[in-house]
Amino acid sequence: MEREYNEDNWTWHRYDHLDEIDFNDAGEYKEALQAWAKNTSENKTNVMEIDTSLRNKEFLSGSLIYQQTTKEQHENSLFHYFLTRDFLLTVDFDSTVIQSDQSLLLKKMDYTDNAIDGFFVILGEILSDNIKKIDKFEVRLNDLLWKIKDKNNINRLEEIYDLRHQILVWKNIMIPVKEIRLGVEETFGEGVTEGTEFKRTCKRIERGYTLVREFQQEIDDLVNFEEMVSMHRGNEIVKTLTVITTLMTPIATWGALWGMNFKVMPELEWKYGYLFSIIIIIATTAALYIMLVKKGWMGDILRGKKKNSFFK
Numbered sequence: 004m005e006r007e008y009n010e011d012n013w014t015w016h017r018y019d020h021l022d023e024i025d026f027n028d029a030g031e032y033k034e035a036l037q038a039w040a041k042n043t044s045e046n047k048t049n050v051m052e053i054d055t056s057l058r059n060k061e062f063l064s065g066s067l068i069y070q071q072t073t074k075e076q077h078e079n080s081l082f083h084y085f086l087t088r089d090f091l092l093t094v095d096f097d098s099t100v101i102q103s104d105q106s107l108l109l110k111k112m113d114y115t116d117n118a119i120d121g122f123f124v125i126l127g128e129i130l131s132d133n134i135k136k137i138d139k140f141e142v143r144l145n146d147l148l149w150k151i152k153d154k155n156n157i158n159r160l161e162e163i164y165d166l167r168h169q170i171l172v173w174k175n176i177m178i179p180v181k182e183i184r185l186g187v188e189e190t191f192g193e194g195v196t197e198g199t200e201f202k203r204t205c206k207r208i209e210r211g212y213t214l215v216r217e218f219q220q221e222i223d224d225l226v227n228f229e230e231m232v233s234m235h236r237g238n239e240i241v242k243t244l245t246v247i248t249t250l251m252t253p254i255a256t257w258g259a260l261w262g263m264n265f266k267v268m269p270e271l272e273w274k275y276g277y278l279f280s281i282i283i284i285i286a287t288t289a290a291l292y293i294m295l296v297k298k299g300w301m302g303d304i305l306r307g308k309k310k311n312s313f314f315k
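With the sequence shown counted from 1, adding 3 to any position gets you the working numbering.
If you want it as structure tokens, here you go:
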């Protein structure tokens, strides 16, 4: 079903399916629009194409994923667009998917001077929806930060990487929008950048990117922190095993020596042979332990169960 929105200088044609397009209304863009519709039917991901072959008849076309779940790759919403100076054509765009009120969307269109500004109203609404999700994301990230301090375990690492995946999904939605902004300037020239909605959406792109960049950096810091804790605890485990092995060396050595079955073993006749051997083993082990302490090799062994502690 076609829905048409008219302003003084431009028109927005909205379709639910590509086969509903009336190419006879496209005027000089008829052939280009037909070729675009034919190629677009196969699009399942972000695509953008520019045509500047005719002066003052330039156009920008493509497909844009404007909503994506973080659970499944193929659970997304995609719409197709064909943009000129005089009209905007969209296929399969549903404002309710991005929690946008259609009446408010059309009201914003009232203040636009051309189709380019109108298109940027739509892009601005898409970005607003994602920024709202990022604001909720901030709460989860803050909670996780304190969970790590309270009780750090493998589940915390799983949560960190889940948040990292979410932020990358939202970033992947913003990247094509930023590409469209650059593509519009390349297609129609710098004169189109003076529109109010264009400027507003550009600022929204910048704001979204800033949030994503800062949160991504914070998540990377958490990952680095977890790696440092894991490395420290791993080193403690290795150190503990090394110390235990070292301290067991005298026992193993003396035990091996006295376990030999030579014919001539005078200590077999000693009355206090067992006591003597035990004293030697304890003395050599203690001497080795004292040497390790003096060298500073006997630090705290791995703990990791103490509350509100990262390395203990």
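Cβ atoms here follow ideal geometry from the backbone N, Cα and C, with glycine treated the same way. Computed from a predicted structure; not experimentally measured.
- Look at Phe96 here: in three-state DSSP terms it is coil, with no helix or strand label.
- When secondary structure is reduced to three states using DSSP, Thr243 falls in the helix class.
- For Asp25, the secondary structure class from DSSP, reduced to helix, strand or coil, is coil.
- Closest option to Gly65, judged by alpha-carbon separation, among Lys47, Trp273, Met177 and Arg203: Lys47.
- The three-state secondary structure of Tyr275, taken from DSSP, is coil.
- Under DSSP, Asp54 takes part in a beta bridge, and its partners are Phe62.
- A direct Cα-Cα distance of roughly 21 Å separates Ile222 from Ile208.
- Around the C-beta of Asn156, fewer than 16 other C-beta atoms lie within 10 Å, and the residue is accordingly described as exposed.
- In the structure shown, Ser280 adopts helical secondary structure according to DSSP, grouped into three states.
- Between Asn49 and Leu67, the gap from beta carbon to beta carbon is short of 8 Å.
- If you draw a straight line from the Cα of Asp120 to the Cα of Glu197, it is about 9 Å long.
- By the criterion of a C-beta distance shorter than 8 Å, Thr249 is surrounded in its chain by Leu291 and Leu295, once the five residues flanking it on both sides are discounted.
- Pairwise C-beta distances place the region 212 to 227 out of contact with the region 94 to 112, as fewer than three of them are shorter than 8 Å.
- Annotation: the continuous beta strand (DSSP E) that includes His83 extends over Asn79 to Leu86.
- Per DSSP, the continuous beta strand (DSSP E) segment holding Tyr18 begins and ends at Thr14 to Tyr18.
- Look at Tyr69 here: in three-state DSSP terms it is strand.
- DSSP places Asn117 outside both helix and strand once states are collapsed to three, so it counts as coil.
- Ranked by Cα distance from His168, the options Gln76, Pro179, Ser56 and Leu63 are led by Gln76.
- The straight-line gap separating the alpha-carbon atoms of Ser131 and Phe26 is approximately 33 Å.
- Rounded to the nearest whole angstrom, the C-alpha separation of Tyr212 and Met177 is 8 Å.
- The beta carbon of Thr72 is closer than 6 Å to those of Glu78 in its chain, skipping five residues each way along the sequence.
- Residue environment for Trp39: buried (at least 16 other C-beta atoms within 10 angstroms of its C-beta).
- For Ser106, the uninterrupted alpha helix (DSSP H) segment begins and ends at Gln105 to Met112.
- Using a Cβ distance threshold of 8 Å, Thr55 and Thr190 count as a contacting pair.
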